[in-house]
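For the sequence shown, the residue numbers in mature numbering (1 follows the signal peptide of the UniProt record, and there is no 0) are -19 to -1, 1 to 566.
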Amino acid sequence: MHALFLVLASILSARLVHSAAPNPHQLFALQSAAALADAAATTNSTAYAIHRDEEVLPRARGGMYKRHRRPRMGGLKHGHHRDLQAREEGALMQQRSLEAGLERERIRRTTASDLDKRGNAASDLDKRGNGGVWTGVSSYYLFALYDSDRYAVLDAIKSGGFSVVRIFIAGVAANNKGSNSRAVNDVEPNEVGVYDDTILGLVDQLMVDCKERGLKLLIALSDRYALGFWSTDCYATHLNIVQPGSSGAQKVADASKFYTDEWTISMFEKRLAHIMKHSNALMGGRTWAELESVIFAVEPQNEPQGHMLMASSTWACDRAAYLKSLIQSNILVSSGGGITTTDSLGSWAVNCNSIDIVSVHDYGTSAGVTASALASARSNHPDKQIIMGEWGVAGANKAQIVAAFVAAFRDQGLSWMYWEVVRPGKAASDFEVWTDEPAWQALIGQPYTISPASSSSSWSASSKSASLATSSSPAWSSSAAAATTTWSPSPTTTAAWSKTSTWTSSSSPAAWTPSSSSVAWTPSSSAATWTTSTRAWTSSSAPAWTPSPSSSSSSPAWSPTSQAWRPTTTATWTTSTRAWQSGSS
């Protein structure tokens, strides 16, 4: 037996000397031989994802975990026996190391193959090419959600027809925006250049989840607003952008040191390299720089130099060029956006050869103006993808305005990403959207219904385009719970409504003058209900109606005496309670 081990040792040594250099996975296995030798070795193992709160682990196919325990060697050995034993153990360890390396490589290839097969519904982006029109959404802390909510958001994004999900590599608080997110540190949580890969591991799992659904990621590798604005990272404290010991939202706008200090720039590039060279063990050990199957694009930072004077006109382009040097695939580089359309389309972005995607961020302009500006930029810069990378709507008219933007982008053939889709949404109070609100239907280009709080009317849009300027069926929203509620917006063209508005007279009794002026008529009840089937009216309170002095018909034109009602055409009001009594003969 001893002789056999010696022969094996010599054969293995010869093979190692004359064979090609092992790949990095084999080197890792050789360096970790002691640990691998004690692990359960099964030739029928494949990397499976076990979803847990904080980690994703490989699991052997089958079920039981088993550790092979070997009897300890006997007492002390001396002389020839000890040397022989050492050589035998060395040969055995070397053999196990090689086997472990080969097994690791087999698992890597098997896992990659399995993922490719599962994800080859792959991405809609792949089907139409990166130059085609696509839509996406931001969900910047999606990786921090626990499984059930993360799956629900991804499934909604997929079913809504979106192709790309945008996330940030940045710290996230627990229960962020009312969600069930866990607290996750930034990749540099406390000190510049000292890394915690927990966040990268969570994104690794998110990549698998996206791959299974044919989605791709657009990853902002840092957030400008972590520099002491909405949150405080280690760069902000190291550079004294904020006071030492600060944390949270300091709302300090001037972060110019971050963009001009040479040491900081070099350390930030090390951060970019650390992230892009991170290996996703769940996707065959490939680095992020190689994972074009699930990463659509990366951007150095979200909104670099946003809400401050530009300290460096070349910072974003230089970082984009550095990212290009790291990427070993067809992953694109995005600008990260500015805070307005004009800022986003600045020369820093459109004239940078290393930026593939010029991302426009804007929340303040009209749908038509924004879409036209992007279409013009696309014509002027045909070598760039010009996309609406961030836009969002809040307020009572959220669904209608969302629908208008969707229609405008569609008409101009523009790609866009909404900010943002999360669970739960925020309805009218903020930009966040979830599937239980009308804005979601508008976002995915489907008909949507808005039910006002007033029980007297329920307005609905029968057209999914719902452009307020041209639609024949715009939607209405209510801010009160009475028949006298304020309806907005006022349509600019005659609309075909699914119901008529019902107004109740605020006077008791209501004044009514029939065609015969000699008889004083009064209603038989204390309140008469008047309806119009033509045009809606807007007012802030209940009207008090009186007939027009010039009217001589049984259906006079009514006008208010106390409120400024604003119909765009003459409306004819009729009463639904024609029970009148004559006050004279």
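We put the beta carbon where it would ideally sit given N, CA and C, even for glycine.
Buried or exposed by the 16-neighbour rule on C-beta atoms within 10 Å, applied to residue i
i: A201; result: buried
i: G56; result: Reliability fails at G56, whose pLDDT of 36 lies under 50, so the model's placement of it is uncertain and the value that follows must be treated cautiously. Flag for G56 reads exposed.
i: A155; result: exposed
i: D167; result: buried
i: K232; result: exposed
i: L395; result: buried
i: P281; result: buried
i: Q366; result: buried
i: A230; result: exposed
i: S328; result: exposed
i: D324; result: buried
i: T241; result: exposed
i: W296; result: buried
i: L355; result: buried
i: residue 583; result: Residue 583 cannot be examined here, being either before or after the span of the chain that is shown, -19 to 566.
i: G152; result: buried
i: E172; result: exposed
i: E169; result: buried
i: N378; result: buried
i: A352; result: buried
i: Q422; result: buried
i: S535; result: Bear in mind that a pLDDT of 47 at S535, under 50, signals an unreliable position, so the number given afterwards is only what the model happens to contain. Counting Cβ neighbours within 10 Å, S535 comes out exposed, since fewer than 16 surround it.
i: V175; result: exposed
i: L135; result: buried
i: G159; result: exposed
i: L326; result: buried
i: S120; result: buried
i: G226; result: exposed
DSSP beta-bridge partners of residue i
i: V341; result: M369
i: L313; result: A278
i: I148; result: I200
i: M398; result: G117
i: V153; result: V165
i: V414; result: V402
i: L208; result: T213
Nearest residue (CA-CA) to residue i, options the options
i: N261; options: R404, G117, V134, G182; result: G182
i: A384; options: F210, P419, W415, I367; result: P419
i: S315; options: D299, I336, V118, S328; result: I336
i: V146; options: G195, S360, D167; result: G195
i: K197; options: I308, A234, E273, G141; result: E273
i: I425; options: A330, A133, F143, P281; result: F143
i: M369; options: H342, I382, Q381; result: H342
i: residue 567; options: W372, M289, S237, Y176; result: The structure shown does not extend to residue 567, since the chain is modelled only from -19 through 566, so no value can be given for it.
i: D364; options: V331, G159, K158; result: V331
i: P285; options: A356, A301, K192, R163; result: A301
i: I140; options: N171, H362, C191; result: A small fix is needed here, since residue 140 is Ser in this sequence, not Ile. Closest option to S140, Cα to Cα, is C191.
i: I148; options: V114, F277, G319; result: F277
i: S293; options: L208, V387, A236; result: A236
i: residue 581; options: I431, V403, A423; result: As displayed, the chain neither begins before -19 nor continues past 566, which places residue 581 out of reach and without an answer.
i: L307; options: E271, Q381, Y399; result: E271
i: D299; options: N334, L220, K407; result: N334
i: N161; options: Q422, G406, I320, Q427; result: G406
i: V350; options: W421, M289, D392, S212; result: D392
i: Q427; options: H219, S212, Y344, Q381; result: Q381
i: M257; options: D185, G226, Y121; result: D185
i: residue 575; options: I222, L220, T213; result: Residue 575 lies beyond the range of the chain shown here (-19 to 566); nothing can be said about it.
i: G345; options: H362, T321, S360; result: T321
i: R131; options: G113, R163, A408; result: R163
CB-CB length for residue i against residue j, believed under 8 Å
i: P263; j: V189; result: The question names Pro, but residue 263 is Leu in the sequence shown. Right, the Cβ-Cβ distance comes to about 5 Å (below 8 Å), so this counts as a contact.
i: V118; j: E413; result: So it is not a contact: roughly 10 Å between Cβ atoms.
i: V389; j: A348; result: In the sequence under discussion, the amino acid at residue 389 is Ala, which differs from the Val named in the question. Between A348 and A389 the Cβ distance is about 4 Å, and since that is below 8 Å, they are a contact.
i: S203; j: I138; result: With 8 Å as the limit, S203 and I138 do not qualify as a contact, their Cβ atoms being about 23 Å apart.
i: L253; j: Y303; result: 6 Å
i: residue 645; j: A234; result: Here the chain covers residues -19 to 566 and nothing more, so residue 645 does not appear.
i: L187; j: L123; result: 6 Å
i: T245; j: K251; result: The Cβ separation is near 11 Å, so there is no contact.
i: T268; j: H255; result: Actually they do not touch by this definition, with Cβ atoms about 11 Å apart.
i: G317; j: N283; result: 5 Å
i: I312; j: V339; result: The pair is not a contact, with the Cβ atoms about 16 Å apart (cut-off 8 Å).
i: D411; j: A375; result: 5 Å
Every unbroken beta strand (DSSP E) within the segment 241 to 307, with a cutoff of 3 residues, ordered by chain: As for any beta strand (DSSP E) of minimum length 3 sitting wholly inside the segment 241 to 307, the runs are 276 to 280, ordered along the chain.
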